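Undergrad:
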């Protein structure tokens, strides 16, 4: 069955709904609206960006921390799950995906009840005689929200890569005298790196651009890039031209980061979700 | 590989607890006889009753389900067709197409949402201007026609956005199956007198099916869990469940929402259990048959 014309409608669709919107963003980013309603070409939008350097730095820092925590939690989880036999292993993907079926906002919001001053977590702490912690409305809570929401995107690709490793490769290493730590370090870990790389992409990008998590768990105190962009389009600071410019800069930085990272991973950039 | 020790089991249990704790809280407090989500005030089913009488929530639920089902159906068909088309292309155009195809998957949701919103606003304005110009032309006046092509964002733009971000996942799920496909199979069917359509339906499609189902499931999950893209492309008239919750969160979320999410969670859980049981039974049957022969 070879018929390349069957893709023609979708190629047209992509041109209109994927490429054209990005061109519109570019046009907005390079223009401003004059008081009389006409548009003029300008670089003002980018010149004003320096004032938001702190927001850029905070977003990339928090998203970076969240990504590292996701690796630290997600890698062992994927590895241990792949070592399980029977039921747990065959249901692992399902168990990790299941929370995603519950509304993302609600899941995030219910952390408020867990972390509040008089919430579940603090009640637990004070019942064993420890002082209460103010977690909610801090940057820590925002990172926690990111880790919670995007951890599945780290575990799934790693798990799928590890389970696909040929068992004979591991047996060969064992036959050649490698201990279990050496097998992990010299065989399993290098082979699982493509999964880690796609996990990093899938955690970092939504983290750096979120506005929901910072709004819900950060109490709107620590402004992130997502908040900044959202405000320019649907919020109080309505200015789609500036918003487009910020989006564009964020997109370019993220693409450059991912490009560098994938170069390290010898070009294994294909996303593996399942 | 070695089996897991007690420590790694404990680690797994803790991470799963982390993933499920907020969901447990939601479920428990959907039965709470108090407006608060922190203090237990006794058991009640009131929130479930109130949920059934809340028109806004039910409408939002309807929109969410409708847009997810429609978008998934369209994306599954269009994505499968596109994947077949892509795999028949030469290397260069195929790589170009695949790169563009991966944009909605790798781009941040907020950028996809914002860029589509700008396009819709721009197109709506351009079409409105165009119909205004048409109306001033002599022939429109003489023919007594009145044009109005302008549009606002609403259900249709929401659906377009969902289809756009669903299709790439279907394509990525179907392509590996196409790569594994033996081209001789379809040729054989054609040689045996099948029409192209029959050969596709009876030979190629069953081979692709696991990939298509996979793509369908991912697309549906993405659609139903999406908030950001919907938020920017649905306009002010239409509201999905996530958008309703987001509007509520600024005040305090009513426990009715807890009740609704509990119901949805139970529905999904039941569905998955049924699927799992069916798979287990099929496997057993296969094993028994293998033993008999």
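Residue numbers (this note's numbering), protein chains in the order written: chain A, 90 to 363; chain B, 7 to 299. Every residue, glycine too, gets a C-beta built ideally from N, C-alpha and C. Predicted model, so just to flag it, every value in this text is computed and none were measured.
1) Do residue 114 (chain B) and residue 291 (chain A) have their CB atoms nearer than 9 Å?
2) I'd like to know if residue 289 (chain A) contacts chain B, where contact means its C-beta is closer than 9 Å to some C-beta of that chain.
3) Once the 5 residues before and after residue 236 (chain A) are set aside, which same chain residues still bring their CB inside 6 Å of it?
4) Checking contacts by CB at 9 Å: is residue 15 (chain B) closer than that to chain A?
5) To test your reading of the DSSP string, which unbroken alpha helix (DSSP H) runs of 4 or more residues are found completely within the stretch 311-340 of chain A?
6) Which partner residues does residue 121 (chain A) have in the DSSP bridge list?
7) Could you run through the stretch 72-91 of chain B and flag, in chain order, every residue whose CB is less than 7 Å away from some CB of chain A?
8) Alpha carbon to alpha carbon, how far is residue 356 (chain A) from residue 98 (chain B)?
9) Determine, for residue 134 (chain B), whether the minimum Cβ-Cβ distance to residues of chain A falls below 9 Å.
10) With C-beta atoms as the reference, is residue 187 (chain A) less than 9 Å away from residue 267 (chain B)?
11) Measuring alpha carbon to alpha carbon, tell me which of B:116, B:277, B:171 ends up nearest residue 337 (chain A).
12) Compute the Euclidean distance between the alpha carbons of residue 55 (chain B) and residue 330 (chain A), then round it to the nearest angstrom.
13) Let me check understanding here. Comparing Cα to Cα, which of B:36, B:233, B:159 lies closest to residue 243 (chain B)?
14) Quick check on residue 11 (chain B): buried or exposed, where buried means 16 or more other Cβ atoms within 10 Å of its Cβ?
15) Examine the Cβ distances between the stretch 68-82 of chain B and the stretch 161-172 of chain B and report whether three or more of them are shorter than 8 Å.
16) When we look at the beta-carbon of residue 161 (chain A) and count the other beta-carbons within 10 Å, is it buried (16 or more) or exposed?
17) Going by DSSP, what residues sit across from residue 5 (chain B) in a beta bridge?
18) Given a limit of 9 Å on CB to CB distance, which residues of the stretch 202-215 of chain A reach chain B?
19) Let me see if you follow: with CB-CB separation under 9 Å, is residue 25 (chain B) close to chain A or not?
20) Would you tell me roughly how many angstroms separate the C-alpha atoms of residue 272 (chain B) and residue 177 (chain B), rounded to the nearest one?
21) Could you pull out every residue in the same chain whose Cβ sits closer than 7 Å to the Cβ of residue 230 (chain B), ignoring the five residues on either side in sequence?
22) With 16 as the cutoff for other CB atoms within 10 Å, does residue 215 (chain A) come out buried or exposed?
23) Quick check on DSSP: helix, strand or coil for residue 16 (chain B)?
24) How about residue 285 (chain A): is its C-beta nearer than 9 Å to some C-beta of chain B?
25) Would you mind sorting residue 200 (chain A) into buried or exposed? The rule is 16 or more other CB atoms within 10 Å of its CB.
26) Does DSSP put residue 246 (chain B) in a helix, a strand or coil?
27) Spell out a yes or no on whether the stretch 242-250 of chain A and the stretch 277-291 of chain A are touching, meaning 3 or more CB-CB pairs, one atom from each, closer than 8 Å.
28) May I have the straight-line CA-CA distance separating residue 123 (chain A) from residue 134 (chain A), to the nearest angstrom?
29) Can you name, in chain order, every residue of its own chain whose Cβ lies under 8 Å from the Cβ of residue 363 (chain A), other than the five neighbours on each side?
30) Checking contacts by CB at 9 Å: is residue 215 (chain B) closer than that to chain A?
31) For residue 357 (chain B), which three-state DSSP category applies?
32) If you run the structure through DSSP and keep just helix, strand and coil, what is residue 146 (chain A)?
33) Measuring alpha carbon to alpha carbon, tell me which of A:315, A:210, A:232, A:231 ends up nearest residue 222 (chain A).
34) Roughly how many angstroms separate the alpha carbons of residue 256 (chain A) and residue 171 (chain A), rounded to a whole number?
35) What is the rounded straight-line gap between the Cα of residue 149 (chain B) and the Cα of residue 112 (chain A)?
36) Would a C-beta distance cut-off of 9 Å place residue 100 (chain A) and residue 103 (chain B) closer than the cut-off?
TA: Answer, in terms of the structure:
1) Locating residue 114 (chain B) in the second chain gives position 108, counting from the first residue. Locating residue 291 (chain A) in the first chain gives position 202, counting from the first residue. Against a cut-off of 9 Å, the Cβ pair of residue 291 (chain A) and residue 114 (chain B) comes out as no contact.
2) Counting from 1 along the first chain, the entry for residue 289 (chain A) is found at position 200. No, residue 289 (chain A) lies away from the interface with chain B (no Cβ there is under 9 Å from its Cβ).
3) Your numbering for residue 236 (chain A) matches position 147 in the first chain. Answer for residue 236 (chain A): 155, 158, 159, listed in chain order.
4) Walking along the second chain from the start, residue 15 (chain B) turns up at place 9. At least one chain A Cβ lies under 9 Å of residue 15 (chain B).
5) 314-322
6) As a first step, residue 121 (chain A) must be located in the first chain, where it is residue number 32. Answer is A:129, bridged to residue 121 (chain A).
7) 84, 87, 88, 90, 91
8) In the first chain, residue 356 (chain A) corresponds to position 267, counting from 1. In the second chain, residue 98 (chain B) corresponds to position 92, counting from 1. For residue 356 (chain A), the predicted structure reports a pLDDT of 44, less than 50, and the residue's modelled location is therefore unreliable. A value from the coordinates is still provided. Taking the straight line from one Cα to the other gives about 18 Å.
9) On the second chain, residue 134 (chain B) is found 128 positions in, with the first residue counted as 1. False, the Cβ-Cβ gap to chain A never drops below 9 Å.
10) In the first chain, counting from the first residue as 1, residue 187 (chain A) sits at position 98. In the second chain, counting from the first residue as 1, residue 267 (chain B) sits at position 261. No, the pair does not count as a contact, with Cβ atoms beyond the cut-off.
11) Residue mapping note: residue 337 (chain A) aligns to position 248 of the first chain, counting from 1. Measuring from the Cα of residue 337 (chain A), the nearest candidate turns out to be B:116.
12) Counting from 1 along the second chain, the entry for residue 55 (chain B) is found at position 49. Counting from 1 along the first chain, the entry for residue 330 (chain A) is found at position 241. Whole-angstrom Cα-Cα distance: 47 Å.
13) Taking the second chain and counting its residues from 1, the one referred to as residue 243 (chain B) is at position 237. Cα-wise, what sits closest to residue 243 (chain B) is B:159.
14) Here residue 11 (chain B) refers to the residue found at position 5 when the second chain is read from its first residue. By the neighbour-count rule (16 or more Cβ atoms within 10 Å), residue 11 (chain B) is not buried but exposed.
15) yes
16) By 1-based counting over the first chain, the position of residue 161 (chain A) is 72. Flag for residue 161 (chain A) reads exposed.
17) No information on residue 5 (chain B) is available, as it lies outside the stretch 7 to 299 that chain B covers here.
18) 202, 203, 205, 207, 208, 209, 212
19) Residue 25 (chain B) sits at position 19 when you count from the first residue of the second chain. Interface residue, yes.
20) The count along the second chain starts at 1 and reaches residue 272 (chain B) at position 266. The count along the second chain starts at 1 and reaches residue 177 (chain B) at position 171. Computed Cα separation, rounded: 30 Å.
21) Taking the second chain and counting its residues from 1, the one referred to as residue 230 (chain B) is at position 224. Excluding residues within five positions, the ones whose Cβ falls inside 7 Å are 70, 74.
22) One-based indexing of the first chain puts residue 215 (chain A) at position 126. Under this definition residue 215 (chain A) is an exposed residue.
23) Position 10 of the second chain, counted from the start, is the residue given in the question as residue 16 (chain B). Correct three-state label for residue 16 (chain B): helix.
24) The residue labelled residue 285 (chain A) in the question sits at position 196 within the first chain. Not an interface residue.
25) Residue numbering aside, residue 200 (chain A) sits at position 111 when the first chain is read from its first letter. Answer is buried; the Cβ neighbour count reaches 16.
26) Numbered from its first residue, the second chain carries residue 246 (chain B) at position 240. Residue 246 (chain B) falls in the coil class under three-state DSSP.
27) yes
28) Taking the first chain and counting its residues from 1, one reaches residue 123 (chain A) at position 34. Taking the first chain and counting its residues from 1, one reaches residue 134 (chain A) at position 45. Spanning the two alpha carbons is a distance of roughly 13 Å.
29) Sequence index remark: in the first chain, residue 363 (chain A) carries index 274 (1-based). Only weak support exists for where residue 363 (chain A) lies, its pLDDT of 42 falling under 50; the coordinates are left without a value.
30) Position 209 of the second chain, counted from the start, is the residue given in the question as residue 215 (chain B). Answer no: the Cβ-Cβ gap between residue 215 (chain B) and chain A never drops below 9 Å.
31) Nothing can be reported for residue 357 (chain B): it is not among the residues displayed for chain B, which extend from 7 to 299.
32) Within the first chain, residue 146 (chain A) is the residue found at index 57, counting from 1. Residue 146 (chain A): helix per DSSP, three-state reduction.
33) Taking the first residue of the first chain as 1, we reach residue 222 (chain A) at position 133. Ranking the options by Cα distance to residue 222 (chain A), first place goes to A:210.
34) The sequence position of residue 256 (chain A) within the first chain is 167, counting from 1. The sequence position of residue 171 (chain A) within the first chain is 82, counting from 1. Looking at the two C-alpha atoms, the distance is approximately 12 Å.
35) The residue given as residue 149 (chain B) occupies position 143 in the second chain. The residue given as residue 112 (chain A) occupies position 23 in the first chain. Rounded to the nearest angstrom, the two C-alpha atoms are 38 Å apart.
36) Here residue 100 (chain A) is taken as the residue at index 11 of the first chain, counted from 1. Here residue 103 (chain B) is taken as the residue at index 97 of the second chain, counted from 1. Cβ distance < 9 Å, so residue 100 (chain A) and residue 103 (chain B) count as in contact.
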